[in-house]
Structures are given as structure tokens and as C-alpha cells.
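Asks: Top line first, the protein sequences correspond to chains W and B.
The numbering used here puts the first residue of the first sequence at 1, with every later residue one more than the last.
The numbering used here puts the first residue of the second sequence at 1001, with every later residue one more than the last.
There are 2 protein chains.
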Amino acid sequence: MITKTWKMIFTLSLRLLALTATLAATLVMVTAHDSAEVLNFTFKAKYSYESAFKYFVVAEAIASGYSLIVLFLSSKNSFSRLVMILDMVVAMLLISSVSAAMAVAQVGKKGNSHAGWLPICGEVAKFCNQATGALISGLLAAIIYLLILIYSLHTDYWS
Amino acid sequence: MITKTWKMIFTLSLRLLALTATLAATLVMVTAHDSAEVLNFTFKAKYSYESAFKYFVVAEAIASGYSLIVLFLSSKNSFSRLVMILDMVVAMLLISSVSAAMAVAQVGKKGNSHAGWLPICGEVAKFCNQATGALISGLLAAIIYLLILIYSLHTDYWS
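1. Pull up the DSSP beta-bridge partners for residue 34 of chain W, would you.
2. Pull up the DSSP beta-bridge partners for residue 117 of chain W, would you.
3. My output table needs one value for residue 60 of chain W: the three-state DSSP class, helix, strand or coil.
4. Write down the C-beta distance between residue 1149 of chain B and residue 1088 of chain B rounded to the nearest angstrom, noting that I regard them as a contact closer than 8 Å.
5. Check the Cβ of residue 1130 of chain B against every Cβ in chain W and list those closer than 8 Å, keeping chain order.
6. In chain order, what residues of the same chain lie with their CB nearer than 8 Å to the CB of residue 1068 of chain B, ignoring the 5 residues before and after it?
7. Residue 1083 of chain B CB to nearest chain W CB: under 8 Å?
8. Any heavy atom of the ligand GTP closer than 7 Å to the CB of residue 19 of chain W?
9. Output, in sequence order along the chain, the residues in the region 1109-1130 of chain B whose CB is closer than 7 Å to any CB in chain W.
10. Just curious, the alpha helix (DSSP H) that residue 127 of chain W is in, first and last residue?
11. Check whether the region 19-37 of chain W touches the region 51-70 of chain W, counting contact only when three or more Cβ pairs, one atom from each stretch, lie closer than 8 Å.
12. Within 10 angstroms of the Cβ of residue 1037 of chain B, are there 16 or more other Cβ atoms? Answer buried if so, exposed if not.
13. Between the region 35-51 of chain W and the region 138-156 of chain W, do three or more beta carbon pairs fall short of 8 Å?
14. When you check each C-beta in the region 52-79 of chain W against every C-beta of chain B, which residues fall closer than 7 Å?
15. Evaluate contact between the region 1131-1140 of chain B and the region 129-140 of chain W, counting only Cβ atoms and requiring at least three cross-stretch pairs below 8 Å.
16. Cβ atoms of residue 109 of chain W and residue 1114 of chain B: under 8 Å apart, would you say?
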């Protein structure tokens, strides 16, 4: 009985952390914007200007919605298999969107001289810093979902 | 007994498919190169010029090495839990690397006018086509690993 309560508290804490991290990632990325004038060219930076960042915001928003709903579902045992499959789907969605956004963020930071793409983070530093924060938060959320998955595999099937 | 043989044949076929797909993705991406002269600027395109593509090649190579080794391991039941954890790790590695490479490939194809990044696929079409092939192969490999995971969860734990 004590082990079961302990398990529930542990899983619930992880799920609350995941909710916080995905919500933070969504809000920080959506509110990030900056602009700069370089010669005659105006740099503007917003998440909606780049499809990888749009994908990131949609994925984090879906994950935070799911994290909220599952707080109420997870206490019922009849849903445990469905919740595990959905946890796996959400973990993969988070990994995929964080990887895509990080790859483009890397181009934004370092540029790619072979393709003639200049780095833009020197000009729109405020946007880059905020996007970096959102990416770190998204990465944390993905790691938390992996922990939830491994923990539920461990307790439900391997014990 | 028949079900067990059938299960082994099915898993083995999926693992062989995964080996083929990851090997094809690695080789097609590594051999892709093209160059073009535009005004005074020489475009050269190779996977090693972009970190997301390097990550893709390394991940696909690791996954094909693992897919080969696991063909011999998977027949022994004592390894089944380890193999399942490794399958999950490889599936996530594949999803992450395919997402990162696709995000950068998207920039290469469409460019990003807000950041001043021009599309390059018009100039180095041969590279772009071959990279697209590698990405599709990598995506297939990721899907096959998801099928392997779901199938082994289904047969080993939920039956």
C-alpha cells in the first residue's frame, strides 16, 4: 500500500514537472521576438517565421494539453495501457520537435558559410536567448517523459 | 509453437528491413555531393558541411550497426529486456536525427527570407535529391523501429 502511494506521488510529480516545462517552452517561444536594422535590410525574428519553430510550438502546446488531461486519467488503472502508449507518442513528438528546432537554431547561431547563410543571433540576440530558453525547457520536458516511460515500464511490467 | 516461430520470423523481417533502411540512408547521404557556380560564388554541397546532416549520418550508422548485432542477440530470450531498451534508444535516436536533418533540408529547399537565407536546392539539385532519398529512408527506419517496439510490447507484456 505504501509502495503504491509512493509510486503515485512520484509519477504525479514527474507529470506536474512535464506540464510546467512544456507550458514554459510554449509561452517563452511564442513571446520571443526581436528586430534589427542592418544596412537597408530589416531583420525581424519571430517563431512564426520558421516552420521548425512553428512545429516546436504546436508540439509543446499539444504536450502541455496532454500533460494536463493525463493528471486526471493516470489515477485510474483502466487507462494505464492507453496512457503508456500516449506517453510514448508524446515523448517522440517532443524529441522530434526539439531536434528540428535545435537544428535550425544552430544555423541561426553559427550560419552556414557553404550555403551562404549568415548567422543572425548577433543581430537579434534577444530572440535567440529567449528561443534558447524555450529549447532547453522543451528538452527537459522530453527527458521527463522518457523518465515517466521507463518508470512505468519498470513498475508495471518488469517488477 | 507455431505462434512463436511466426513471431520470430515477423520480428526478424522487421529487423532486416530496418538494417537495409539505415544502411541505405547512411550510404546515400554520405555519397551525396554537388557543386554549382553562381556569379563569383561557388556553392558546394556535402553532408559534412552541415552539423544536422553529420548527426544524421552518425545516427543512421549507429542504428545500422545495432540492427546488425541485434539480429544475433534477439533470438536469445535472456536479452529481451535489454534489447527492448536498446530498441527504444535507437528509435529515439532515429526520430531525433531525421527531424533535425529534415528541418535544415526544409531551409535548403525553401530558404528563409526573414533571416536572409536563400534556398540552395535550385543550384545543387543533385545533392538535394539524394539527401531527400536518404531522409525518406531514415524516416522509414524510424517507423520500422516503432513497429518493432509496439510489437514487442504487445507480445511480451500485453498478451
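Every residue gets a Cβ at the ideal spot worked out from N, C-alpha and C, and that includes glycine.
Replies: Let's see:
1. In the first sequence, residue 34 of chain W corresponds to position 34, counting from 1. In DSSP, residue 34 of chain W forms a bridge with W:45.
2. Taking the first sequence and counting its residues from 1, the one referred to as residue 117 of chain W is at position 117. Bridge partners of residue 117 of chain W: W:112.
3. In the first sequence, counting from the first residue as 1, residue 60 of chain W sits at position 60. Helix, per DSSP.
4. As a first step, residue 1149 of chain B must be located in the second sequence, where it is residue number 149. As a first step, residue 1088 of chain B must be located in the second sequence, where it is residue number 88. Rounded, the Cβ-Cβ distance is 6 Å, consistent with contact.
5. For the purposes of this step, residue 1130 of chain B is taken as residue 130 along the second sequence, with counting starting at 1. Result: empty, since nearest Cβ-Cβ is about 16 Å, beyond 8 Å.
6. The residue labelled residue 1068 of chain B in the question sits at position 68 within the second sequence. Correct list, in chain order: 1019.
7. As a position in the second sequence, residue 1083 of chain B is number 83, starting the count at 1. Not one chain W Cβ lies under 8 Å of residue 1083 of chain B.
8. By its list of ligands, the structure shown contains no ligand whatsoever, and the ligand GTP lies outside what it can speak to.
9. Those residues of the region 1109-1130 of chain B that come within reach of chain W (Cβ to Cβ, closer than 7 Å) are 1112, 1114, 1115, 1116, 1117, 1118 and 1120.
10. One-based indexing of the first sequence puts residue 127 of chain W at position 127. Note, residue 127 of chain W: alpha helix (DSSP H), 125-156.
11. A contact exists between the region 19-37 of chain W and the region 51-70 of chain W.
12. In the second sequence, the residue the question calls residue 1037 of chain B occupies position 37. Residue 1037 of chain B should be labelled exposed.
13. No: the two stretches stay apart, fewer than three of their Cβ pairs being nearer than 8 Å.
14. Along the region 52-79 of chain W, going in chain order, the ones with a CB nearer than 7 Å to a CB of chain B are 52.
15. no
16. Reading the second sequence from its first residue, position 114 is the one you call residue 1114 of chain B. Reading the first sequence from its first residue, position 109 is the one you call residue 109 of chain W. Not in contact: residue 1114 of chain B and residue 109 of chain W (Cβ atoms no closer than 8 Å).
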